[in-house]
Every structure is written in structure tokens, then in C-alpha cells.
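Chain order of the listed sequences is A and B.
In this note's numbering, each residue carries its 1-based index in the first sequence increased by 4.
In this note's numbering, each residue carries its 1-based index in the second sequence increased by 3.
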Amino acid sequence: MEVKFVRESGEVTAYLIGRLDTPASLEIAPQMNALEEDAGGTIILDCTDLAYISSSGLRIFITLRKAAAAKGGKVIVRNISNEIRSVFMMTGFLNLFEIQ
Amino acid sequence: MKKLRNLKALLLVIVAAVALEVTALVQFYFSQQGLREEAKLRAESELNATSFEIMDIIDQAEAAVRNSVWIAQWCLDFPDSLERVCERIVSDNPVVAGSTVALVPGYRADRPLFSPYVCREPDGSLKALSLATAEYDYPSQEWFVRPLVQGEGYWSEPYVDEGGGEMLMTTFSFPIRDAKGTQAAVLTADISLEWLKELMGRIKVYPNAYCTVSSREGHMLISPSATQDPKSLVFDTTVERTGWTISLVIPESDIFGVLRRVGTIVGILQLLGLLMIILMLQSFVRGERRFRELDKQRERIAGELQIATGIQMSMVPKTFPPFPERHDLDMAATIVPAKEVGGDLYDFFIRDEKLFFCVGDVSGKGVPAALVMAVTRTTFRNLSAQEDSPGRIVQAMNDNLSSMNESNMFVTFFCGVLDLANGHLRYCNAGHNPPYTLTNVIKPLPVEPNLPLGIMGGYEFKEQEMPFRYDDAIFLYTDGLTEAENAAHEQFGEVRMEKNLHGRKSAQAHLDVIKKDVQAFVGDAPQSDDLTILFIHYVPCSHRLVLKNSVDQISLLPAFVQEAVKASKLNSELEGSLNLALEEAVTNVVLYAYPEGTEGDVIVDAAVTDKALTFTITDTGKPFDPTARPDVDINAGVEDRPIGGLGIHLVRQIMDDVRYERRGNKNVLIITKKY
């Protein structure tokens, strides 16, 4: 699992690459939680190369989403695979995030 | 000891006898007193009445004389008219039989002795006589002398009148004085005492009572005609003026006769009663002795039976789970003999990856059945040690048991051999209740109508088979379960039994539920037959993964899931979501089952059948049922959404069946995806 952050003009894009299973979630949690500082602006979670997500990964997503809601920012989830879309559907995340 | 007991019994009889006797005597005494009192009262009242009657006649006679005294006085100067006075007395008073006026000798010189006498003849006419004869010498007679001496009326001693018909007579005589007061004559009235006899004869207060009358001087005037009873009660009264004593004699036999007869009967009854008490005591003492002996014997037999129970129970496998190292079998069994030892049996063991199992019911109960049960079990073990076919095992057992069956006992028997590698079940039923199979339906296993064991040697038993799949179970029982009766003699029956088989629980849980239900149904009614249950749940695993409780172990899951999905009929596209479900289930255990810092295993079994893929996640951590948690609300807004709880939600969403069981010290989560 790998995460790359790209910041430009007030937006932060996190490129999630690989499988976001429980061990991976624990691994990237500190980096991801640091994004809460940018929650006043726009955070884009790029899932183009995200193959898999478990509830631990979803926890990171919702934590960021709650921080954005508190600070008036927004979280955009970009390019999710069908598989991850079905997970989003099962968990009601489709209604919580702006999906691009 | 024995002597002492007999002595005690004897003492008891004596005390009872004395008590009875004393009571009877006291009662007898008081009854006698009562009767005596009554006799006294009756006698007194009778004597009073009689005395009054006598007085009445006496009074009449006295009155007849007294009323004529003045006329006799007046006639003293005309002695020849004195006869008229006598005549009047006799004619006017029927009680007076004769009367005289006797002049005192020398009172009149012309009549030195003068005593005209008038008496009533038997025909009623009056006859006049003179008593002034030389032979009679009236001045020396008592009736003449006494009134003159006493100067008042006098009743003579009764006497027998020799002149007039031998009658008992008495005479009242009264002195007559002339005008100067000189004693001049004696006026008399004779009365017959014949009526007295008749009066006395009338007194019959008791059948044999009689009266005697004696004179003032003690002469017996009226005496009994019959012989006298020496034991009699005598009551007396004295008649005034005449000085007679009337005695009423009542024989004791008349007074106490009834009481004595009753007393005799009561006495005899008491004796009979005592005799019966003695006999009863004797038989009681004897019975008690026998009872003690029997009691000792029973205690000895009970002790032996207890040992026998222990031996018998040690013959059947009693440790559950029986194969803790295996995860493909969940088994439970129970045997409840109606008596100390019983004729039911179950048995099982694994050889060459095959589960050999059986249930049997020996005809009859108690020790004989228990012996046959022991032989049956031994024979089963011996034969199944080499033989794999249940049909051949049963056939050989039958030949064996039939050859030595002299007591004509038989055994209904079910024998099964489950190939644990592929779930192939072969079985042979020898007249036993068909077991129930729990697959996707619950129904009795189809069985051939074979004979029970021990009836006919050489009989050919037909073997049958059925495929067992993942999560299938078989429930074997003896008729002690279905025929368990409550106090109203209703039977537990197959319907009630079947109800308890619904839903998959652990084997032990199934057993406990049924035992509880039977107990509730039977209540306090005594158990009539041995009751045996054997429950086998088949949960084979084609793949197993043993993980440590560490998060990085979760990376091992994708390869495991891939393999399982490949083995199943599931589309490989489902691999990701199945992996997600399994990861969520395992993560839960890895993170929360064991206390922090301690190591523990998480066993993941993947079972593939032709209907579904099932993952079973087992751990020995603290009891935790993830399915008990309320599902998250996926429609909640951002602020209301909890961060956790998505894991089990995803498992539920992805899998078709999610089930939690607590088996012993294990948490077992079974999640199934159907094809």
C-alpha cells in the first residue's frame, strides 16, 4: 500500500495505490489523519489504483469526512472501481461523499 | 436383642390387658351401683305403697272399734245389749270378721265372765257365740290383758283362728271405761289377714322378688312359697301401730342379671381381642425381622448395582467433545437408565478417517438387559475393529448374539459408518427407530425393515447409504425418548422431538434443549424406559488457516480465499467481497478476542459443499457474539455516523448466512455464501 500526496491551489489529492486492508489502514493512518489539517479546503481521495478497501479503510474516509464537515471543507472521492463502489453502496458511503 | 423385643411385646400385651380389665371393672362397679340404687328406689316406693294400703285397712278396723266405744260404754248397764254392739260392728264393716265385748271379771256381779261374740260365717251370715267358756278363759288372753294394762288400743300378735277356717287373724282391742272411769270391758274387732297374703303376692317389682311379713314378736306371718335365693337384697319397712315388718326380698340375679350377662360377653370379647393383639404382635415382630433382613439384602444389591452402573457407564464414551483435535465433528450423547443399570447403548470411535457409531436398545430392563448391552457393545467394538461395512458388522453381530441367546432377548440396533473424508454415510438398521437426519430438511432416515439382533442367526441385513454434506447432522435415539410418559400417560412423541431439532445449534446445545423439554413434559412421573440420544453434526473443512492474533496475519487471507473460491462453484469475481467479509470477521477476533499482550489462535476453516462455501472462524478468546450488535444505520448523516460497526455490517451484506455459536470455551462464527 502506498499513498502519494499532491498539493496544488488549496486542494490536496491523496493517491491511494494498492489494497487498503486492515494492516494497510493501520500503516497509513498517521499520514491520512494528518490531512485533517487541510479539512477546511478540498481533499480529493484518488482511488484509481485502489484495488480493495475494508472497514478499516472506510474508517479513515469517514474520519476525514467528519473533519471536513466540522471545518466547512469537502472530501471528493475520485475514480472508484465497481468493486469499491459496491462496498460504498453497502455502507451508505455513496450518500456521504462526492463521487467523481 | 430378639428376646428383649419379645419381652417388650409381652409387656405391651400385659399392660393392655390390665388396662382393659381395670376399665371393665370400673365400668361394672359403677353400673352395679346404679342398678342397686335403682332397686332401692323401686323397693322403697313399693313398700311405701303397700304400707299405705295396710294402714288403710288397719285404720278401718280401728275406726270401727273406736266409733263404737261410746255405745259400748252406754250399754255397760245393759249387758245383754252388748251383743248388738258387736253385731253392728261386724255387719257395718266388711273388713271386720268378728267382734266381742268382754267384761272385766268381777265388774258386774251378775256376770262374772261375759263375752258375747259375733262373727261372719263363710256364707256371709252372722253368728253369735260366747267366749266366756272355761276352756278359752278369755281374761288370760293377750287381746284382753294388754289393752287393760296399757290403757289404750292394742293390736294383737296375728294368730291362726282355730275356730273359724284356719284363717290368719289379728285383733284390735280397746279398753272401755264406765262413767266413773273404771275399766269395765274390752271391745275388739277381728280382722282376717288373708288379704295381706294376696297383697304381698301382688308385689312384683322384679320377676323373682317376694315379700315377707313378720309380726312385732318376730313371727313370720307370710313367708315365701318358693325356695329362697341366698344372694338377695332385703328392704324393710315397719307398719305403724301393728308393728309388722314387711321385707321385700329381691334376688341379686334379678337386679344384676343383665349386667352380668353383658359383663360375661364383654369379658369374652376382651379375651378374644387380647388374643388377636398377641397374634398381631407376634406376626409384626416376625415381619419386622424379615423386613430388616430384606433391607440389608436390598442395601447390598443397591451397592452392587451402583458399581454395575459405574461399569456400564464406563463402557460408553462420555467425554465431550470426544475428538477435541478435530473440527469436522461436533458430537454429543447421553444415556439415562430408568433403573440403576439399563439396556440402552451408544458407542462411537474413529478408525481410518471413518466414524463408526451405533445406538441400541436391548429388550427388557435392569440387570439382564444390562448384561446383554455389555455383550452387544463388546461385539460391536470387536467386529468394527476390522470391518468397514455396517451391514456386515450388523450381520456378524446378529450371528454372534443369536448363537448364545438362550434368554430370548433381542436388541434393536443402528450402526453407521461415516467417511469423514468425503461425507459418505453407510448404515444398517436392525429394527431400531430410524434416526432423524438434519439436512436442509428434518426427516427420519429411510431404513430397510431388518430384524432386530439376536432373533435369527444367518439373517441377511441390508445396508444403505446417503451422502452427508457440510453442516448435515444425524440424530439417533431410543424409544425411551419418544415414549417418555407424563403423569397422564401421554407420550413425548416424534412431533415434540422433531420440534427441538430445528435450527443449527451445537450438538450439546441440541441435547440439552431436548433433555430439558422431555423433563418438563414428563414432570414428576417415574421414568419408564432407558433414554439414549446420540447427536452427530458433520462440519468438514476442505481448507484450514491458523492465524495468530496479529493484524499482519490478515494479509494471508486473500490467498486462502482465492483457493476456497476456486474449489467452490462460486464466480471468481466474488473473491474480493468474500475476502472482505472474511477479513472483517477475522479482524474482529484478532483485535478484540484476546486480552492485549496475550497470544491466541484464530482458526479459519473453509468448507466447500455442492451448495455453499462456508467459513468457520474459531477462537478461544472471551465470549463475544458479534451478531448481537445492532446494525449501523447507513442512511444516517455525516455527524450521526459512528466510525465503527461497519465490519459486521459488511459481513451480513455479503454473506447469505451469519451464525454465532459458543461451543465450550470457543467462539464460533459461521458465515456461508450459497451458490
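Here a beta-carbon is modelled for each residue, glycine too, at the ideal position from N, C-alpha and C.
Every value quoted in this text rests on a predicted model; they were computed, and no experiment measured them.
Where the beta strand (DSSP E) containing residue i begins and where it ends
{"i": "tyrosine 430 of chain B", "result": "427–433"}
{"i": "asparagine 670 of chain B", "result": "669–677"}
{"i": "arginine 244 of chain B", "result": "No beta strand (DSSP E) holds arginine 244 of chain B; DSSP gives it neither H nor E."}
{"i": "serine 217 of chain B", "result": "213–217"}
{"i": "aspartate 53 of chain A", "result": "46–57"}
{"i": "lysine 78 of chain A", "result": "78–82"}
{"i": "arginine 354 of chain B", "result": "347–354"}
{"i": "leucine 129 of chain B", "result": "129–133"}
{"i": "glutamate 468 of chain B", "result": "467–470"}
Through-space distance from residue j to residue i, alpha-carbon basis
{"i": "valine 242 of chain B", "j": "alanine 75 of chain B", "result": "28 Å"}
{"i": "serine 410 of chain B", "j": "tyrosine 462 of chain B", "result": "19 Å"}
{"i": "histidine 435 of chain B", "j": "valine 362 of chain B", "result": "8 Å"}
{"i": "leucine 649 of chain B", "j": "serine 59 of chain A", "result": "6 Å"}
{"i": "proline 629 of chain B", "j": "alanine 562 of chain B", "result": "25 Å"}
{"i": "valine 607 of chain B", "j": "glycine 306 of chain B", "result": "50 Å"}
{"i": "aspartate 474 of chain B", "j": "isoleucine 84 of chain A", "result": "38 Å"}
{"i": "asparagine 385 of chain B", "j": "glutamate 586 of chain B", "result": "48 Å"}
{"i": "methionine 172 of chain B", "j": "glycine 156 of chain B", "result": "17 Å"}
{"i": "phenylalanine 383 of chain B", "j": "proline 371 of chain B", "result": "19 Å"}
{"i": "glutamate 40 of chain A", "j": "leucine 49 of chain A", "result": "13 Å"}
{"i": "valine 397 of chain B", "j": "glutamate 451 of chain B", "result": "13 Å"}
{"i": "threonine 337 of chain B", "j": "tyrosine 480 of chain B", "result": "10 Å"}
{"i": "methionine 469 of chain B", "j": "arginine 429 of chain B", "result": "7 Å"}
{"i": "asparagine 668 of chain B", "j": "isoleucine 517 of chain B", "result": "22 Å"}
{"i": "alanine 67 of chain B", "j": "aspartate 193 of chain B", "result": "11 Å"}
{"i": "glycine 526 of chain B", "j": "valine 593 of chain B", "result": "46 Å"}
{"i": "tryptophan 77 of chain B", "j": "asparagine 211 of chain B", "result": "53 Å"}
{"i": "glutamate 24 of chain B", "j": "leucine 272 of chain B", "result": "12 Å"}
{"i": "isoleucine 21 of chain A", "j": "isoleucine 57 of chain A", "result": "11 Å"}
{"i": "leucine 348 of chain B", "j": "valine 319 of chain B", "result": "7 Å"}
Cross-strand partners of residue i (DSSP beta bridge)
{"i": "histidine 546 of chain B", "result": "B/Ala609"}
{"i": "histidine 760 of chain B", "result": "Limits of chain B in this structure are 4 at one end and 678 at the other, which puts residue 760 of chain B out of reach."}
{"i": "glycine 419 of chain B", "result": "B/Phe360 and B/Tyr430"}
{"i": "lysine 551 of chain B", "result": "B/Asp604"}
{"i": "glutamate 720 of chain B", "result": "A query on residue 720 of chain B cannot be resolved here, the shown segment of chain B reaching from 4 to 678 and no further."}
{"i": "valine 104 of chain B", "result": "B/Leu190"}
{"i": "glycine 204 of chain B", "result": "Bridge partners of glycine 204 of chain B: none, in fact."}
{"i": "threonine 440 of chain B", "result": "B/Lys446 and B/Ile477"}
{"i": "isoleucine 21 of chain A", "result": "A/Glu6 and A/Asp53"}
{"i": "methionine 223 of chain B", "result": "B/Ser217"}
Environment of residue i [buried if 16+ CB atoms lie within 10 Å]
{"i": "leucine 251 of chain B", "result": "buried"}
{"i": "leucine 10 of chain B", "result": "exposed"}
{"i": "glycine 14 of chain A", "result": "exposed"}
{"i": "glutamine 656 of chain B", "result": "buried"}
{"i": "leucine 484 of chain B", "result": "buried"}
{"i": "glutamine 389 of chain B", "result": "exposed"}
{"i": "phenylalanine 65 of chain A", "result": "buried"}
{"i": "proline 340 of chain B", "result": "buried"}
{"i": "alanine 18 of chain A", "result": "buried"}
{"i": "phenylalanine 33 of chain B", "result": "exposed"}
{"i": "histidine 505 of chain B", "result": "exposed"}
{"i": "proline 27 of chain A", "result": "buried"}
{"i": "proline 150 of chain B", "result": "buried"}
{"i": "proline 233 of chain B", "result": "exposed"}
Segment limits, alpha helix (DSSP H) that includes residue i
{"i": "serine 580 of chain B", "result": "578–595"}
{"i": "arginine 33 of chain A", "result": "In the sequence as displayed, the identity of residue 33 of chain A is alanine instead of arginine. That run of the alpha helix (DSSP H) goes 26–38."}
{"i": "serine 176 of chain B", "result": "Per DSSP, serine 176 of chain B belongs to no alpha helix (DSSP H); it is in the beta strand (DSSP E), 170–180."}
{"i": "aspartate 628 of chain B", "result": "Counting along the chain, aspartate 628 of chain B falls outside any alpha helix (DSSP H), and DSSP gives it neither H nor E."}
{"i": "phenylalanine 524 of chain B", "result": "510–525"}
{"i": "valine 10 of chain A", "result": "Unbroken run through valine 10 of chain A is the beta strand (DSSP E), 6–12; no alpha helix (DSSP H)."}
{"i": "leucine 274 of chain B", "result": "255–318"}
{"i": "threonine 381 of chain B", "result": "369–387"}
{"i": "methionine 500 of chain B", "result": "496–502"}
{"i": "threonine 619 of chain B", "result": "From DSSP, threonine 619 of chain B is part of no alpha helix (DSSP H) but of the beta strand (DSSP E) over 615–622."}
Cβ-heavy atom distance, residue i to the ligand MN, below 7 Å
{"i": "arginine 219 of chain B", "result": "Annotation note on the ligand MN: not contained in the displayed structure, which lists no ligands."}
Exercise. For the stretch 550–567 of chain B, which residues have a CB atom closer than 7 Å to at least one CB atom of chain A, in sequence order?
Worked result: Val554, Asp555, Ile557 and Ser558
Exercise. What residues in the stretch 565–593 of chain B have a beta carbon less than 9 Å from any beta carbon of chain A?
Worked result: Glu576, Gly579, Ser580, Asn582, Leu583, Glu586, Glu587, Val589, Thr590 and Val593
For this session: Quick one: which residues of the stretch 610–644 of chain B get their C-beta closer than 9 Å to a C-beta of chain A? List them in chain order.
Result: Listed by position, the residues of the stretch 610–644 of chain B near chain A (Cβ gap below 9 Å) are Val635, Asp636, Ile637, Asn638, Ala639, Gly640, Val641, Glu642 and Arg644.
Exercise. Relative to chain A, which residues along the stretch 647–658 of chain B have a C-beta separation below 8 Å, given in chain order?
Worked result: Hits within the stretch, in order: Gly647, Leu649, Gly650, His652, Leu653, Gln656 and Ile657.
For this session: Please name the residues in the stretch 71–83 of chain A whose beta-carbon is closer than 9 Å to at least one beta-carbon of chain B, in chain order.
Result: Ala72, Ala73 and Ala74
Exercise. Any residues in the stretch 5–36 of chain A with a beta carbon nearer than 7 Å to a beta carbon of chain B? Which ones, in chain order?
Worked result: Asp25, Thr26, Pro27 and Leu30
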